[in-house]
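Those protein sequence lines, which keep their order, are chains A and B. For the first sequence, my numbering begins at 658 and goes up steadily by one. For the second sequence, my numbering begins at 187 and goes up steadily by one. C-beta atoms are modelled at their ideal positions from N, C-alpha and C, and glycine is treated no differently. Nothing here was measured: the structure is a model prediction, and the numbers come from that model.
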Amino acid sequence: KAGVTQTPRYLIKTRGQQVTLSCSPISGHRSVSWYQQTPGQGLQFLFEYFSETQRNKGNFPGRFSGRQFSNSRSEMNVSTLELGDSALYLCASSPAASGGAGETQYFGPGTRLLVL
Amino acid sequence: AQSVTQPDIHITVSEGASLELRCNYSYGATPYLFWYVQSPGQGLQLLLKYFSGDTLVQGIKGFEAEFKRSQSSFNLRKPSVHWSDAAEYFCAVGAHTGTASKLTFGTGTRLQVTL
Chain A
658 KAGVTQTPRY LIKTRGQQVT LSCSPISGHR SVSWYQQTPG QGLQFLFEYF SETQRNKGNF
718 PGRFSGRQFS NSRSEMNVST LELGDSALYL CASSPAASGG AGETQYFGPG TRLLVL
Chain B
187 AQSVTQPDIH ITVSEGASLE LRCNYSYGAT PYLFWYVQSP GQGLQLLLKY FSGDTLVQGI
247 KGFEAEFKRS QSSFNLRKPS VHWSDAAEYF CAVGAHTGTA SKLTFGTGTR LQVTL
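What follows is the structure, given as structure tokens:
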């Protein structure tokens with residue numbers, strides 16, 4: 658099976674712009690989670706989507722949003738970019754066969770976003 | 187709320203030496219515990235996981251970890267380190283919130299291997 662894929666891999670934006678990142682989960686996986694990784698804050702949970710619905714959300718401002726499509730592919734959007742949004746954004750998928758509790762999450766390679 | 191502590195930010199070991207990376211967690215119920223490894227510029231790769239049962243779990247690449255409930259620990263071990271093990275290692279606890287799950291990560295331990 659192909660792993661989790663994320664596009665683009667690298668992105669440079671300027672402050673105030675918005676950005677959309679894409680994630681394709683492992684075939685058959687229904688849950689997609691997003692994480693932000695920065696040197697200062699480490700790995701932080703953004704949100705999780707299952708069956709096109711957000712069912713868990715981390716402590717991020719409303720500028721961070723996401724969605725999931727019927728084929729389980731997911732996108733996250735960051736509006737009005739700030740310098741502090743520079744990070745590696747990781748997507749993870751899991752089968753969600755048992756509802757999600759404790760399931761292994763499989764990570765993609767990430768999208769590295771640089772905000773100038 | 188759950189939390190994970192990895193007390194060692196950076197560890198250096200010689201190739202062939204044994205390795206132990208420490209992880210302590212805080213969680214109100216039975217935790218789901220994971221160790222992931224991240225090579226530079228890459229995503230996270232699962233090394234092993236603990237859900238229940240045998241407290242000593244075996245993973246890939248010769249790694250193992252032991253769950254000790256009394257110490258709230260889940261330390262990662264490898265008897266003989268290879269130069270290719272140099273990477274950053276993350277311990278995580280999986281929380282069950284309703285039907286959703288999310289991972290809370292520690293701050294990571296960067297492993298350097300000297301030849």
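field: Helix, strand or coil at Ser270/B [DSSP, three-state]
entry: helix
message: To the nearest angstrom, how far is the alpha carbon of Gln675/A from that of Asp742/A?
response: 11 Å
query: Nearest chain A C-beta to Thr191/B closer than 9 Å, yes or no?
result: no
task: Under 6 Å Cβ to Cβ from Gln711/A, same chain only, skipping five residues before and after it: list those, please.
output: Phe704
field: Ala278/B versus Ser679/A - alpha carbon distance
entry: 24 Å
query: Should the segment 290-301 of chain B be regarded as contacting the segment 267-278 of chain B, the criterion being three or more beta carbon pairs within less than 8 Å?
result: yes
query: Distance, Cα to Cα, Ser684/A vs Gly723/A?
result: 20 Å
- prompt: Is Glu252/B near the ligand MG, in the sense that its beta carbon is under 8 Å from a heavy atom of that ligand?
  reply: Although the ligand MG was asked about, the structure shown includes no ligands whatsoever.
Cα-Cα separation between Lys235/B and Leu219/B, rounded to whole angstroms: 6 Å
- request: Could you work out which residue in Gly227/B, Leu205/B, Ser212/B is closest to Ala187/B when comparing CA atoms only?
  value: Ser212/B
Ser751/A, DSSP secondary structure in three states: strand
field: Gln698/A beta carbon less than 9 Å from that of Tyr746/A
entry: no
message: With a threshold of 9 Å between beta-carbons, can Tyr222/B be considered close to chain A, or not?
response: yes
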